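Following this note's numbering, the numbering of the sequence shown begins with 1 at its first residue and continues without gaps. Quick reminder that beta carbons are idealized off the backbone N, C-alpha and C, glycines included. Bear in mind the structure is a predicted one, so any value in this text is a computation, not a measurement. The block underneath contains the structure these notes are about, expressed in structure tokens.
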Amino acid sequence: MIVLHHAWDSLQSFKVRMCLAEIGIPWDGIALSLTDFDHLKPTYLAVNPDGLVPALETGEGVLAESSVINAYLDEAFNASRLQPVDAFARARMRWWCHHEDTVVHPAIRPPTFNLYIKPLLAGLSAKALEEKVSGHPQPERAATYRAAVSAPFDAAAVIAAIRSLDRTMFRIDRAVAGSGWLAGDALSLADIAMAAAVERLEMLCLDGLWDRHPGARSWSRQVAGRPSFTLAREPETPGKPSPVDPALVRALVTKAFV
Numbered sequence: 001m002i003v004l005h006h007a008w009d010s011l012q013s014f015k016v017r018m019c020l021a022e023i024g025i026p027w028d029g030i031a032l033s034l035t036d037f038d039h040l041k042p043t044y045l046a047v048n049p050d051g052l053v054p055a056l057e058t059g060e061g062v063l064a065e066s067s068v069i070n071a072y073l074d075e076a077f078n079a080s081r082l083q084p085v086d087a088f089a090r091a092r093m094r095w096w097c098h099h100e101d102t103v104v105h106p107a108i109r110p111p112t113f114n115l116y117i118k119p120l121l122a123g124l125s126a127k128a129l130e131e132k133v134s135g136h137p138q139p140e141r142a143a144t145y146r147a148a149v150s151a152p153f154d155a156a157a158v159i160a161a162i163r164s165l166d167r168t169m170f171r172i173d174r175a176v177a178g179s180g181w182l183a184g185d186a187l188s189l190a191d192i193a194m195a196a197a198v199e200r201l202e203m204l205c206l207d208g209l210w211d212r213h214p215g216a217r218s219w220s221r222q223v224a225g226r227p228s229f230t231l232a233r234e235p236e237t238p239g240k241p242s243p244v245d246p247a248l249v250r251a252l253v254t255k256a257f258v
């Protein structure tokens, strides 16, 4: 049995869960809480010394890095059907997977931290917050985290991230103009990688950004309509409020494109 160490609110974990669902691979999950620093505790560091999620345990060993994991899953269990046969299309698929890792994922961090995590932690008492931060297993990183949590809302970082994501949407708009998919004429690992952004932007009330690029909007709806996308999401908790302020998000988007 495959075991996935993941976090429900981890962008990179989402794309591995979607890949597992798309292929139809049964798996056991060990969910970690990033805000409780589960990924930096000895039990998880014994699995992945880098302290990053996700990590995949197989009968052969442990794999880390979501793009590597997804390529392995497709090759080992799916006869590489999520990778185009054409050499150029396959190269484009790899480019999009790399782009998600190196551009999209970093761009989504500032909005996630400022719009979601900071308001979430703001609901804690000073004592409860300190207890959470002091539970960080690495004191020097705990100090950095404590400073970031108490720092003012970083509107400039969020606006810069919105502009970066908009540039990626422009690229998506052009890429899907022919077949409707990012690489080749069918869903591939490229679409699964970028689907994580579709899910996260919805969570952050930033999904209106897709409307600036009609082709990209159509692609995002197509991806979000797949059963594997729904299966990759965290099961809903009735009555759980979102800490994201839609009015604040709209104001930041307006500033980003003035």
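| Asked | Found |
| --- | --- |
| Do Asp166 and Ala21 have their CB atoms nearer than 9 Å? | no |
| Helix, strand or coil, according to DSSP, for His99 in the structure here? | helix |
| With Arg259 and Leu45 assumed to form a contact (beta carbons below 8 Å), what rounded beta-carbon distance in angstroms separates them? | For residue 259 there is no data in the structure shown, the boundaries of the chain being 1 and 258. |
| His39: which of Val149, Pro137, Ala76 sits nearest, CA to CA? | Pro137 |
| Thinking C-alpha only, which one of Thr43, Arg81, Ala143, Ala190 is nearest Ala31? | Thr43 |
| Look at Ala195 and Ala183 and say whether their C-beta atoms are less than 9 Å apart. | no |
| For the structure I just gave you, are there three or more beta carbon pairs, one from the segment 106-116 and one from the segment 153-162, closer than 8 Å? | yes |
| Less than 9 Å between the beta carbons of Val3 and Trp27, yes or no? | yes |
| Pull up the distance between the alpha-carbon of Gly29 and that of Ala142, whole angstroms please. | 27 Å |
| DSSP three-state call for Ile339: helix, strand or coil? | The chain is shown only over 1 to 258; residue 339 falls outside these bounds and no answer can be derived. |
| Based on Cα-Cα distance, which residue from Ala7, Asp207, Val244 lies nearest to Ala197? | Asp207 |
| To which residues of the same chain is Asp154 closer than 7 Å at the C-beta, ignoring the five residues directly before and after it? | Pro110, Asn114 |
| Going by DSSP in three states, Gly29 sits in which element: helix, strand or coil? | strand |
| With 16 other CB atoms within 10 Å as the buried threshold, where does His86 fall? | His is not the amino acid found at residue 86; the sequence shown has Asp there. Classification of Asp86: exposed, given that the 10 Å Cβ count is below 16. |
| Can you tell me where the beta strand (DSSP E) holding Thr35 begins and where it ends? | No beta strand (DSSP E) contains Thr35, which DSSP labels as neither H nor E. |
| Should Pro49 and Ile69 be called a contact, given that it needs their Cβ atoms to be closer than 9 Å? | no |
| Can you give the beta carbon distance from Ala193 to Lys15, rounded, assuming they're within the 8 Å contact cut? | 5 Å |
| At what residues does the beta strand (DSSP E) containing Val16 begin and finish? | First-last for Val16: 11-23, but that is the alpha helix (DSSP H), not the beta strand (DSSP E). |
| Work out the CA separation of Arg81 and Arg90 for me, nearest whole Å. | 11 Å |
| If you run the structure through DSSP and keep just helix, strand and coil, what is Leu187? | coil |
| Leaving out five residues on either side along the sequence, give the residues of the same chain with a beta carbon under 6 Å from the beta carbon of Ala7. | Ser13, Leu32, Leu34, Val53 |
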